[in-house]
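> Using numbering that gives the first Met the number 0, the first residue of the sequence shown is number 0, and each one after it goes up by one.
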Amino acid sequence: MLTNKNEMIRTLEKIWEFYEGEKLAHIEFLRGEHIEDYYTGGGSKQRQKKADEAEIDLDSTRAFMKQIKRVIRRTK
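1) Should the segment 9-29 be called in touch with the segment 40-59, which here means at least 3 C-beta pairs below 8 Å?
2) What separation, rounded to the nearest whole angstrom, lies between the Cα atoms of Glu12 and Tyr18?
3) Report all residues from its chain with a CB closer than 6 Å to the CB of Met7; omit the five preceding and five following residues, and keep chain order.
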């Protein structure tokens, strides 16, 4: 059973690394667009808001993943 738990945790960590990387790249893209819009006068406030929402979503998902790991470790 311990091996299954470890495998499950490793798999979740790989999934999380991919998800987190994609989400961080998206946030970085939005922030980069925000900087460009600052000079061109585009819709920077909307992109800034989207980037902030994406960061909040990432933080809540990160907390959820930590909870999942705890539950897996405690399960017999």
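Just so you know, even glycine gets a beta-carbon here, dropped at the ideal spot from N, CA and C.
These numbers come from a predicted model, not from an experiment.
A quick look at the data gives this:
1) yes
2) In a straight line, the C-alpha of Glu12 is about 10 Å away from that of Tyr18.
3) Ile71
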